[in-house]
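Chemist: Residue numbers (this note's numbering), protein chains in the order written: chain A, 236 to 452; chain B, 68 to 132; chain C, 38 to 259; chain D, 141 to 403. The structure under discussion is supplied below as structure tokens; questions concerning it will follow.
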Amino acid sequence: MADAADTPMLSARALSCARGRVRLFAGLDLAVRPGELLQVAGGNGTGKTSLLRILCGLSEAEAGELMWRARPVREVRDDWKAGLLYLGHRNAVKDDFTPLENLRFSAAIAGEALDADRALRALVDIGLRTRLDVATRNLSQGQRRRVALARLLCGTRAALWLLDEPFTALDAAAVAQLAGAIAAHVRGGGAVIYTTHQPVDIDVPTRACVNLDDYAC
Amino acid sequence: MNWESARQFWEMGGYGFFVWGSYGVTALLVAAELLLLARRTKQARALATQDAALARIDAERRSGS
Amino acid sequence: MLSVFATVLRRDLLLAWRRRADVLTALGFFLLVTSLFPLGVGPEPEQLAQIAAGVMWVAALLATLLSVTRLFESDEADGTLEQMLLSVEPLAVIVLAKVCAYWLLTGLPLVLIAPLIALQFSLSPQETGIVCATLLIGTPTLSLLGAVGAALTLGLRGGGALIALLVLPLYVPVLIFGAGAVDRWRAGLDVDGNFALLGACLLVSLAVAPLASAAALRIAQD
Amino acid sequence: MSEPQSSAARLPGAPGFNLFHYASPQTFYPLAGRLLWPCWLLAAALCAIGLYIGFFVAPTDATQGDSYRIIFIHVPAAWMSMVVYLAMAFWCIVGLIFNTRLSFMMSSALAPTGALWAFVALWTGALWGKPTWGTYWVWDARLTSELILFFLYCGYMALQAAIDDPRRADRAGALIAIVGAVNVPIIYFSVKWWNTLHQGASVSLTAAPTMATTMLWGMLVMALAAWAYTVGAALLRVRAIMIERERHTDWVRQLAQGGGSRT
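In structure tokens, the structure reads:
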């Protein structure tokens, strides 16, 4: 068995994706290893979000092979699903719930145990100390984004994070905090694939970048 | 042969309205469907030829520039 | 498996509790439709008693269809539906929990209010009992089949009418067995057949509908 | 789960014959083109023979006079509406299992013609009912289930029309077609059961005239004519769907450059 460190956590071969009748990209090869940070770059509409949705299994690629730890994803579906955490443009929080309830329910739905104490600490760290029992409906866009991001801070078991423009609507402090969390996760042997429109400095040893413009159709 | 004259055939034993009502509407519907299909095929062809023209223009642009 | 079912059930009930007003729409609709019929058909008790079961069943059926879009729409809008699709837990179990919560909020209230309507239609106590029993077994099936329609038409324009067109043909057997029970009883025949068939419809849709809805959701979110 | 892109995807161990050869639109398009005219000619010939039998060979019925001749279009239409719906469900199942786009296109191509037959069955049933039972609409088990089948067709087409993304339209349509197909027998038997309960209120169609052999032949030939017509219409429509859907591919572009001839 190849050394565990360099077998890619998630790899894709000859991936192609079409939205409706338009083909976005084709022939895309991609791999991310434990302890690696991968940014997906490309202009608007080149398929960044579509790529992330394919990598996490929400949508199906038109063609190409997806492998989780060098095994086809069909065979290891549960490990693949358990191993990743996807955060899209929408925050996946319910407006009628308080931040704490949101955190607890989203962890439960993902099938993850959530330690109440860590959840509280995550919410305090992300700066929602005074909003714990306020319905998310009354929070600002930035605060709502923080509730979604709090999941990353409370010790999720997911090894691979797929973050679609995680820094939008965040102020400087939150951006720094999130960058730190990503760096810590990557240094701890996890992996992160993310997209961003604003340059963010994330302090990690190995990083890579895939530009979808090179694979556009 | 059941009918002596065309007129008798048309009356269909007094049930002409119902029999020809059924066959007539069916014939109309089938004709309508065929017309719609012909139109749709023509439109689809037009799309294809438009694409072909576009491809040719792209090819010229690429080879020209 | 069981814990995620309980969690999602509790979650949806809690959400509905936070928006108590929404729950009343299906109930209000049911009350309104059933009380309009006497105005249209005329107040003679015998006539009303004859059409009572049919009216109540059709009203229950429409009330279910009216609010079934609520089942997935709000979760799809805020992105929680995506997280459900990504969960390790089987999606069919999550969908089943959501449908159970939905039935508790729209189906069960109809059954509980049905005796009141039966009085309006001057049904005898036994007939009222039969109607309520058939509704009790029938409305879960309506909710389950409605969920398939809601999942198929997620995010489509004209969703409500489209769901009715897709799902009403599938409601026909349940409507016939359910509404037919009182008629058979009034004709002096036994009604065990109706309950057996309603039970069969319920079990089949319990087995098939969550899987179909889960597949439809994956198709919708693709 | 990648789709068998090229037409050369072979089933493991399949000898020379390749099941998937005609599964890709590119190779099926010319084949469908070649089949069109034979279908139309066959349909026209069979229809002519069927009508001849129906009107000139079949005797006038003792009880119903000549109004019964409507069965030569009513019964074939009812059969076809059922057969086409089952064919649609079949193509949808094949499409879901083998993930071949063409099977879904075939199912969408069949739907309008199936709906046409269901409507014709209802229309001719009503016109036949009037002289025979005095009313245009009889709540007979078969007519009622035909009506519901017509709604199932409308549901399928409405759902496909409401979805823009062809991939989702295919799979959502497939799901409702399969669920509908499973329900058709259940609906039929529940309506039949309901019909016998209210026997007093209506007369069922079982009182059809005794089946003289010529009548049976007439209906059979007309049914084959309807079948040939349906295949022709579906092939013509599927060719149009293929072009509409595969516009971005180069085989469609070459097709257009080749003057879009019959190939």
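For glycine and all other residues, C-beta sits at the position ideal for the given N, C-alpha and C.
(1) Could you tell me the distance, in whole angstroms, from the CA atom of R123 of chain B to the CA atom of T242 of chain A?
(2) Write down every uninterrupted run of the beta strand (DSSP E) in the stretch 251-290 of chain A whose length is 3 residues or greater and which is fully enclosed by it, in chain order.
(3) With G320 of chain D and L292 of chain D assumed to form a contact (beta carbons below 8 Å), what rounded beta-carbon distance in angstroms separates them?
(4) Since R256 of chain A meets chain D, which of its residues come closer than 8 Å, beta carbon to beta carbon?
(5) Cβ of V148 of chain C within 8 Å of Cβ of L173 of chain C?
(6) Is the Cβ-Cβ distance between A370 of chain A and F332 of chain A less than 8 Å?
(7) Any chance you could list the alpha helix (DSSP H) runs of at least 4 consecutive residues sitting entirely within the stretch 198-269 of chain D, in chain order?
(8) Any Cβ of chain D within less than 8 Å of the Cβ of L243 of chain C?
(9) Kindly give me the distance between the Cβ atoms of E384 of chain D and A111 of chain B, rounded to whole angstroms, as I take these residues to be in contact under 8 Å.
(10) For a test of the three-state rule: what should DSSP assign to R356 of chain A, helix, strand or coil?
(11) Within 8 Å (strictly less), CB to CB, does F291 of chain D reach chain C?
(12) Mind checking which residues open and close the alpha helix (DSSP H) that includes I383 of chain D?
(13) For C389 of chain A, which three-state DSSP category applies?
(14) Can you round the beta-carbon distance between C389 of chain A and L349 of chain A to whole angstroms, since I take them to be within the 8 Å contact cut?
(15) When the Cα atoms are used, what is the spatial distance from A301 of chain D to L199 of chain C?
(16) Judging by CA-CA distance, which residue of C:G166, C:F109, C:P82 is the nearest neighbour of L193 of chain C?
(17) May I have a chain-ordered list of the alpha helix (DSSP H) segments no shorter than 4 residues that lie completely inside the stretch 173-244 of chain C?
(18) Which chain B residues are close to I288 of chain D, counting only those with a beta carbon under 8 Å from its beta carbon?
(19) Excluding the 5 residues preceding and the 5 following Y139 of chain C in the sequence, name in chain order all residues of the same chain whose CB lies nearer than 6 Å to its CB.
(20) Only counting the same chain, and skipping five residues up and downstream in sequence, which positions put a Cβ closer than 7 Å to that of M359 of chain D?
(21) Note down, in chain order, every chain B residue with its Cβ under 9 Å from the Cβ of W263 of chain D.
(22) Taking a contact to mean a Cβ-Cβ separation below 8 Å, would you say D112 of chain C touches S294 of chain A in this structure?
(23) Check the Cβ of R325 of chain A against every Cβ in chain C and list those closer than 7 Å, keeping chain order.
(24) Between the alpha carbons of N335 of chain D and G186 of chain C, how many angstroms are there, rounded?
(25) In this structure, how does DSSP classify W396 of chain A when only helix, strand and coil are distinguished?
(26) Would you check if the stretch 248-264 of chain A and the stretch 408-419 of chain A touch, i.e. whether three or more CB-CB distances between them fall below 8 Å?
(27) Once you ignore the five residues that flank G377 of chain A on each side, which residues in its own chain have a CB closer than 8 Å to its CB?
(28) Going by DSSP in three states, M79 of chain B sits in which element: helix, strand or coil?
(29) Could you tell me which uninterrupted beta strand (DSSP E) segments, each at least 3 residues in length, are contained entirely in the stretch 368-451 of chain A, listed from first to last along the chain?
(30) What are the residues that DSSP puts in a beta bridge with L245 of chain A?
(31) Which word fits A314 of chain D, buried or exposed, when buried means at least 16 other C-beta atoms lie within 10 angstroms of its C-beta?
(32) Under a Cβ-count criterion, where at least 16 other Cβ atoms within 10 Å of its own Cβ denotes burial, should A98 of chain B be classed as buried or exposed?
(33) If you measure from the beta carbon of A122 of chain B to each beta carbon in chain D, is any gap under 8 Å?
(34) When you compare the CB positions of L263 of chain A and Y450 of chain A, do they come within less than 8 Å of one another, or not?
(35) Which of the three DSSP states, helix, strand or coil, is assigned to A237 of chain A?
(36) Rank D:G398, D:F290, D:A373 by C-alpha distance to the C-alpha of C179 of chain D and give the top, closest one.
Modeler: Reading it off the structure:
(1) 46 Å
(2) 257-267, 271-276
(3) 4 Å
(4) P306, R385, R387, H388
(5) yes
(6) yes
(7) 211-238
(8) no
(9) 5 Å
(10) helix
(11) yes
(12) 353-385
(13) coil
(14) 6 Å
(15) 10 Å
(16) C:F109
(17) 196-223
(18) What I288 of chain D touches in chain B: nothing, since even the nearest Cβ is about 20 Å away.
(19) L108, S180
(20) I211, F212, V215, P216
(21) G88, S89, V92, T93, L96
(22) no
(23) D115, G116
(24) 28 Å
(25) strand
(26) no
(27) A404, L405, D406, A409
(28) coil
(29) 395-399, 426-430, 441-446
(30) A:V267, A:W303
(31) buried
(32) exposed
(33) yes
(34) yes
(35) For A237 of chain A, the pLDDT reaches just 47, beneath the cut-off of 50, and the residue's location in the model is therefore unreliable, although a value from the coordinates is still provided. Note: A237 of chain A maps to coil in three-state DSSP.
(36) D:A373
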